[in-house]
Structures are given as structure tokens and as C-alpha cells.
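Undergrad:
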Amino acid sequence: FPQHSVPARVAHQMIKDELALDGNPSMNLASFVTTYMEREAEELMIEGLRKNYIDLDQYPQTAEIHNRCVQMLANLYHAPLGEGVKATGTGCIGSSEAIMLAGLAMKRRWKDRRLAAGLPYDKPNMVFGSNVQVCWHKMCKYFEIEIREADVSPDCLVLTAERALPLLDENTIGVGAILGSTFNGEYEDIKGIHDMLVEQNELNGWSIPLHVDAASGGFIAPFISPDLLWDFRLPNVKSINVSGHKFGLVYAGMGWAIWREKDDLPEDLVFHVNYLGGDQSSFTLNFSKGAGNVVAQYYNLLRFGFDGYRRIMEASMENADFLRKALVSTDLFTIVDKAHMPLVAFSLKDSSSYTCFDIQEKLKVRGWIVPAYTCSKGAESMTIMRVVVKQNFSCQMAKMLVQDILNAVTALELHSRALH
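In terms of our numbering, the sequence shown has 982 at position 366, counting the first letter as 1, and numbering is strictly consecutive.
1) Would you kindly work out how many angstroms separate the C-alpha atoms of residue 617 and residue 633, rounded to a whole number?
2) Quick check on the DSSP output: the beta strand (DSSP E) that includes residue 742 runs from which residue to which?
3) Give me whichever residues DSSP pairs with residue 829 in a beta bridge.
4) Count the other CB atoms, across all protein chains shown, that sit within 10 Å of the CB of residue 803; report buried if there are 16 or more and exposed otherwise.
5) Between which residues of its own chain and residue 664 is the CB-CB distance below 8 Å, once the five residues before and five after are set aside?
6) Between residue 866 and residue 684, what straight-line distance do the alpha-carbon atoms span, to the nearest angstrom?
7) What number of angstroms, rounded off, separates the C-alpha of residue 717 from the C-alpha of residue 949?
8) Report yes if the C-beta distance between residue 806 and residue 846 is below 9 Å; otherwise report no.
9) By the DSSP assignment, the beta strand (DSSP E) with residue 708 in it spans what residues?
10) Assuming residue 827 contacts residue 859 (C-beta within less than 8 Å), just tell me the rounded distance between them.
11) Kindly indicate which residue of 668, 623, 839, 993 has the alpha-carbon position closest to the one of residue 932.
12) State the DSSP-derived secondary structure class of residue 835, mapped to helix, strand or coil.
13) For a minimum of 4 consecutive residues, which ranges assigned as the alpha helix (DSSP H) are wholly contained in the stretch 914-1000?
14) Over what stretch of residues does the alpha helix (DSSP H) that includes residue 809 continue unbroken?
15) Return the chain-ordered list of same chain residues with a C-beta closer than 6 Å to the C-beta of residue 767, the five sequence neighbours on each side being excluded.
16) Return the Cβ separation of residue 764 and residue 800 in integer angstroms, given the expectation that the two are a contact with Cβ distance under 8 Å.
17) What do you get for residue 1016, buried or exposed, if any count of 16 or more other CB atoms within 10 angstroms of its CB means buried?
18) Can you say whether residue 929 is buried or exposed, counting buried as having 16 or more other CB atoms within 10 angstroms of its CB?
19) Under the assumption that residue 1024 contacts residue 979 (Cβ atoms under 8 Å), give the Cβ distance between them as a whole number of angstroms.
20) Under a three-way DSSP split, which group does residue 695 fall into?
21) Do you know how far the Cα of residue 642 is from the Cα of residue 659?
22) In whole angstroms, give me the CA-to-CA distance for residue 687 and residue 1020.
23) Does the stretch 787-794 come close enough to the stretch 817-832 that 3 or more CB-CB pairs lie under 8 Å?
24) What are the start and end residues of the alpha helix (DSSP H) that includes residue 721?
25) Between the alpha carbons of residue 943 and residue 849, how many angstroms are there, rounded?
26) Is it the case that the Cβ atoms of residue 770 and residue 1011 are separated by a distance below 9 Å?
27) To which residues does DSSP link residue 765 through a beta bridge?
28) Given a cut-off of 9 Å on the beta-carbon distance, is the pair residue 648 and residue 986 in contact?
29) Using CA coordinates, which residue listed in 890, 880, 889 is at the minimum distance from residue 728?
30) State the DSSP-derived secondary structure class of residue 906, mapped to helix, strand or coil.
31) Within 10 Å of its beta-carbon, does residue 975 have 16 or more other beta-carbons around it, so buried, or fewer, so exposed?
32) Consult DSSP for residue 620 and reduce its assignment to one of helix, strand or coil.
33) Bridge partners for residue 888 per DSSP, in chain order?
34) What is the rounded straight-line gap between the Cα of residue 777 and the Cα of residue 841?
35) Let me know if residue 674 comes out buried or exposed under the rule of 16 or more other beta-carbons within 10 Å of its beta-carbon.
36) In this structure, how does DSSP classify residue 752 when only helix, strand and coil are distinguished?
Encoded structure:
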């Protein structure tokens, strides 16, 4: 622990100099997390940092803003809410916390059904694809849920109804489907998985719900693919998580968990706080946090509205399409994404002389952060690279990136020839 104090400007400069060693957020094409917000939003976030978001009685208007966000998202995802009915949901640190909350709710509802039927409840399991984000494994490990993971394959990198079906049984607390895979941005066939579940529930007398991990796609599909059936329009979709800090365009630390109806969140998991004569429910793993992210999310919802989000996502999709076509024109890469999201995933056609990992290292020299990684279980032989096209990734940046990739390939080819 430091023994002596230093002037504020000295401490500030010391830390600023050290942080200069970090990568440039604008050139971080690996992360889905937002790296640009408007100045007005940043000012609101700074003001909100002084408020503890959980102190509902002291900051009732912040709580009201939180509830408005939940209501707006529930409406966006077509929750079957009657006139004047409050939506059921909560803000979280991110989708990781939201998924854990949804998992707890599914486990408790399953346990309650088993208890009511006089059946054992000691072997809960959860079904999802091997392409899930690591938070799914954390949730199962932390809450003692057996992981039933379906392998993917090089020709299909996501969960399908056919892959999920043999993993189901009476102890399955739920199935997780992804709207926007971390690996290649692909939307899983959520309606297909949903319909299979409905059929199996009817055949076997089960009540297995479907949870949709819309961490990435939840702020894209409603604006780009409004007719796609993936949300609460499907009756067995009982909960959805979405990351406000991804395509919701808020800085890191904002996620949302939304339930279809009040009954889908067991009441005994909810804590109630009474303030100003009203009842405020609380269901979180986290406790204290600043209110800045919630306020920033509300700002974006008001500032952009449906039309604004649509324009932003359309522009990002166009920039992703430009990058995709530019990479194809080099004749070096195979595209492995499905153009569902503003994300471009690609692999080398020929990796005998150099690999995607080599290209990744060369791009780092230019300041680009472009990840190379092997795919999940069942497709480990595939190595791909991924570019997340965020709001601040322009067409000009795409041109520069492609040129730097070509320069990297040229250097690697020269090095390979020199060795042989």
C-alpha cells in the first residue's frame, strides 16, 4: 500500500501513461462491447456514477427509469402484456448475470413442479450448444446443474432442434438458444428448436421452457429482421437476455433479463422493497453499482427510438457487407458467418504456409485487435477470425483493415518462402 500521497496531476499522469499501453478501443474489432457514445450520454453516465442504483428509496426516479427500460424492452420483444400490466425483468451487470438469473428461475420452476408431483429433484440438467458463451458453463457449475452440451460441426456451427432432442429428459430445466453466436454471429433456428420443444412437452408431459440468449442479436433482429420469430411471439420462450452494452450502444456494464410473464419468475426468488408507498421488486446477484449505465440505456432508447436504432444497425450491416465482399475479392478467405449480424467471420482457404493466428499477430503491429480462434467442440479443426462491425467502424476503416490484412499476408508469404 502506498506510504505517501502525490499531487492529483501526478497520479493522473502516471495512470494515463500506463493506460496508453492498452489497445485502442476504436480498433478493437474483437469485442462486441460498445466503445463510442455521444457526449450527452457520457455526461449523464458521469452524473449517475454517484448514485447507487440499488438504493431505490433514495433514488426513486432512477428506479422509475430502470422500470421504463424493462417495459420498453418487453414491448420490443412482444411480451404478452395486457393494458397497464408491468413487465417482469431487471437490469444486470451484463448478459452473464442475466443468464444466471434466468437459469435460477428455470431451476426453481422445475424444482417446484417436481416437488408438487412428488418426484426427485436432485439431478437438474440444461441443454445448449457447445458454441455458448462461457457464462452458460459458469451458471451450471455455480448452481449445480448438469451440462448437456450438443456438439456443433464445421458445416453447422450452432445448435439445432435435431441436436438438442436426444439430450432432453424429465430433468431438463430448460434449453438455451442463441440469437447471434459468439463464434460466427449466426442466429440459431429458434423457432425450429421451440417447435420441437413444444412437441416433446406435449408427448412426454414435460414443461421444458426455452430461454433465448439474445446478448448480441436482441438489439439487431427487431430492427433488421422484424418478421423473424425468435422472441415472446413464440409461446414457450419464457425468458430473454440482452446486452445493453453490446448493440444496445451503452458502455460496458449493462445487461437485461426479461421474462415473458410474471409467473415465469418464481415469486420466492424476488425480494420486495417498499418506498414512497409503492412496491419495488428486486432480483439480482449483484448489489451496489452506479446508476450511470441504466440512465445511459434510457438515453439511447429515447434518443434513437426504433427508427434510429434501425438506421444505425442498417449502416453497420452495410459496412459489414462491404468488408465481407472485400475479403472475398482477395480470394484468400472463406466467409463462415451468415450475414445475420454486423459481424464478419472468415477462415483461410489455405493455411499450409501461415495461419489466422499469424495474421492476428501481424495486425497487432498496426494496432488492430482482430481475434483468431478455434471453433467449439465438434468443429475444433476450424480456425476463424472475426470482426465485429460496431457503430464507429466506418467503410474507410474497413478499407484500411483489408489493406493491412493483405500486407500481413504478403509479409507472411515472403517469410514462408525464405524458410523453404
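Just so you know, even glycine gets a beta-carbon here, dropped at the ideal spot from N, CA and C. These figures come from a predicted structure and were not determined experimentally.
TA: Straight from the coordinates:
1) Translated into positions along the sequence shown, residue 617 becomes position 1. Translated into positions along the sequence shown, residue 633 becomes position 17. If I take the Cα positions, the gap works out to 20 Å.
2) Translated into positions along the sequence shown, residue 742 becomes position 126. Start and end: 741-745.
3) Locating residue 829 in the sequence shown gives position 213, counting from the first residue. Bridge partners of residue 829: 794, 857.
4) What you label residue 803 is simply residue 187 of the sequence shown in a count that begins at 1. So residue 803 ends up on the buried side.
5) In the sequence shown, counting from the first residue as 1, residue 664 sits at position 48. Within the same chain, residue 664 has close Cβ partners 678, 906, 907, 908, 909, 910, 911, 912.
6) Translated into positions along the sequence shown, residue 866 becomes position 250. Translated into positions along the sequence shown, residue 684 becomes position 68. Answer to the nearest angstrom: the Cα atoms are 16 Å apart.
7) The residue labelled residue 717 in the question sits at position 101 within the sequence shown. The residue labelled residue 949 in the question sits at position 333 within the sequence shown. Using only the alpha carbons, I get a separation of about 40 Å.
8) Stepping through the sequence shown from its first residue, residue 806 is reached at position 190. Stepping through the sequence shown from its first residue, residue 846 is reached at position 230. Yes, they are a contact pair.
9) Within the sequence shown, the letter at position 92 stands for residue 708. Segment 704-708, the beta strand (DSSP E) holding residue 708.
10) For this step, residue 827 is matched to residue 211 along the sequence shown. For this step, residue 859 is matched to residue 243 along the sequence shown. About 15 Å; that fails the 8 Å criterion.
11) Counted from its first residue, the sequence shown places residue 932 at position 316. Comparing Cα positions, the closest option is 839.
12) Position 219 of the sequence shown, counted from the first residue, corresponds to residue 835. The answer is helix: DSSP assigns residue 835 an H, G or I state.
13) 972-981
14) The residue given as residue 809 occupies position 193 in the sequence shown. Residue 809 -> alpha helix (DSSP H) spans 806-820.
15) In the sequence shown, counting from the first residue as 1, residue 767 sits at position 151. Same-chain partners within the cutoff: 746, 993, 994.
16) The residue given as residue 764 occupies position 148 in the sequence shown. The residue given as residue 800 occupies position 184 in the sequence shown. So it is not a contact: roughly 22 Å between Cβ atoms.
17) In the sequence shown, counting from the first residue as 1, residue 1016 sits at position 400. Exposed is the call here.
18) Residue 929 sits at position 313 when you count from the first residue of the sequence shown. Result: buried.
19) As a first step, residue 1024 must be located in the sequence shown, where it is residue number 408. As a first step, residue 979 must be located in the sequence shown, where it is residue number 363. About 6 Å; that satisfies the 8 Å criterion.
20) The residue you call residue 695 lines up with position 79 of the sequence shown. Residue 695 falls in the coil class under three-state DSSP.
21) Reading the sequence shown from its first residue, position 43 is the one you call residue 659. Reading the sequence shown from its first residue, position 26 is the one you call residue 642. If I take the Cα positions, the gap works out to 20 Å.
22) As a position in the sequence shown, residue 687 is number 71, starting the count at 1. As a position in the sequence shown, residue 1020 is number 404, starting the count at 1. Their Cα atoms are separated by approximately 45 Å.
23) yes
24) By one-based count along the sequence shown, residue 721 stands at place 105. Run containing residue 721: 711-732, per the alpha helix (DSSP H) assignment.
25) Position 327 of the sequence shown, counted from the first residue, corresponds to residue 943. Position 233 of the sequence shown, counted from the first residue, corresponds to residue 849. C-alpha separation (whole angstroms): 37 Å.
26) The residue you call residue 770 lines up with position 154 of the sequence shown. The residue you call residue 1011 lines up with position 395 of the sequence shown. Taking 9 Å as the Cβ cut-off, residue 770 and residue 1011 do not qualify as a contacting pair.
27) Here the question's residue 765 lines up with position 149 in the sequence shown. The partner list for residue 765 (beta bridge, DSSP) reads 744.
28) Residue mapping note: residue 648 aligns to position 32 of the sequence shown, counting from 1. Residue mapping note: residue 986 aligns to position 370 of the sequence shown, counting from 1. No; because the gap between Cβ atoms is not below 9 Å, this pair is not in contact.
29) Your numbering for residue 728 matches position 112 in the sequence shown. Residue 880 is the option with its Cα nearest to residue 728.
30) In the sequence shown, the residue the question calls residue 906 occupies position 290. Here residue 906 sits in strand by DSSP.
31) Start at 1 with the first residue of the sequence shown, and residue 975 comes out as number 359. With 16 or more Cβ atoms within 10 Å of its Cβ, residue 975 is classed as buried.
32) In the sequence shown, residue 620 corresponds to position 4, counting from 1. The answer is coil: DSSP assigns residue 620 none of H, G, I, E or B.
33) For the purposes of this step, residue 888 is identified with residue 272 of the sequence shown, where counting begins at 1. Residue 888 pairs with 897.
34) Along the sequence shown, read from residue 1 onward, the residue named residue 777 stands at position 161. Along the sequence shown, read from residue 1 onward, the residue named residue 841 stands at position 225. Cα to Cα, residue 777 sits roughly 21 Å from residue 841.
35) Your numbering for residue 674 matches position 58 in the sequence shown. The residue is exposed, with fewer than 16 neighbouring Cβ atoms inside 10 Å.
36) For the purposes of this step, residue 752 is taken as the residue at position 136 of the sequence shown. In this structure, residue 752 counts as helix in the three-state DSSP scheme.
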